[in-house]
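Undergrad: Before anything else, here's the structure in question.
In the numbering used here, the protein residues as written are -2 to 148.
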């Protein structure tokens, strides 16, 4: 603020930069921000970054699609993969996204990756029950405690 006061009192930008301990470009930026926004313009704020490619309506439609799940006869898959959802977004909205971006959007909406525990296709329920019945118990009763050693 002292550097800006120096400029507004008629001082040069070079002397203001020396007074503030910064370069001429920073002084120039400060002057422009101060002229447009006043003292609040000097407070650093987060850079806006790139705008999201999916608007709120697209995100809502994506969430509904994931909630409903795929229809195997129509969608050709039995569970959604990120690459399937990317393809759906391209077909539905004409927006090209990376799988990572779709995954980030889904995670931000509260979805988590779930996968079922794998099972062998030829698994027999009877064999499982027989295994449970014949398996030895995982623990055995301890023997009597050792007598204390004589001292």
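Beta carbons are placed, not taken as given, at the ideal position from N, Cα and C, and that holds for glycine.
Which word fits residue 102, buried or exposed, when buried means at least 16 other C-beta atoms lie within 10 angstroms of its C-beta?
TA: Counted from its first residue, the chain shown places residue 102 at position 105. Burial state of residue 102 is buried, judged by a 10 Å Cβ sphere holding 16 or more other Cβ atoms.
Undergrad: Which value, in whole angstroms, describes the spacing of the CA atoms of residue 122 and residue 129?
TA: Taking the first residue of the chain shown as 1, we reach residue 122 at position 125. Taking the first residue of the chain shown as 1, we reach residue 129 at position 132. Taking C-alpha positions only, residue 122 is separated from residue 129 by approximately 11 angstroms.
Undergrad: Within its chain, find whatever has a CB closer than 7 angstroms to the CB of residue 43; leave out the 5 residues flanking it on each side and keep chain order.
TA: Taking the first residue of the chain shown as 1, we reach residue 43 at position 46. Counting only Cβ-Cβ distances below 7 angstroms, and skipping sequence neighbours, we find nothing.
Undergrad: Where does the unbroken alpha helix (DSSP H) through residue 27 begin, and where does it stop?
TA: Numbered from its first residue, the chain shown carries residue 27 at position 30. 21 to 34 is the span of the alpha helix (DSSP H), which, as asked, contains residue 27.
Undergrad: Once DSSP output is grouped into helix, strand and coil, what is the label at residue 84?
TA: In the chain shown, residue 84 corresponds to position 87, counting from 1. Three-state DSSP puts residue 84 in a helix.
Undergrad: CB residue 14 to CB residue 8, shorter than 8 angstroms?
TA: For the purposes of this step, residue 14 is identified with residue 17 of the chain shown, where counting begins at 1. For the purposes of this step, residue 8 is identified with residue 11 of the chain shown, where counting begins at 1. No, Cβ-Cβ distance for residue 14 and residue 8 is not below 8 angstroms.
Undergrad: Tell me the start and end of each unbroken alpha helix (DSSP H) in the segment 50 to 94 that is at least 4 residues and wholly inside, in chain order.
TA: Listed in chain order, the complete alpha helix (DSSP H) runs (minimum 4 residues) inside the segment 50 to 94 are 53 to 65, 69 to 72, 79 to 90.
Undergrad: Around the Cβ of residue 3, are there at least 16 other Cβ atoms within 10 angstroms (buried) or fewer (exposed)?
TA: Taking the chain shown and counting its residues from 1, one reaches residue 3 at position 6. Classification of residue 3: buried, given that the 10 Å Cβ count is 16 or more.
Undergrad: Is it a yes or a no for the segment 94 to 101 touching the segment 76 to 84, going by three-plus beta-carbon pairs under 8 angstroms?
TA: yes
Undergrad: Between residue 150 and residue 99, is the Cβ-Cβ spacing less than 8 angstroms?
TA: Within the shown structure, residues of the chain are numbered from -2 to 148, placing residue 150 beyond reach of any answer.
Undergrad: Tell me whether residue 77 counts as near the ligand MN, meaning its Cβ is closer than 7 angstroms to at least one heavy atom of that ligand.
TA: The ligand MN is not part of this structure, which contains no ligands at all.
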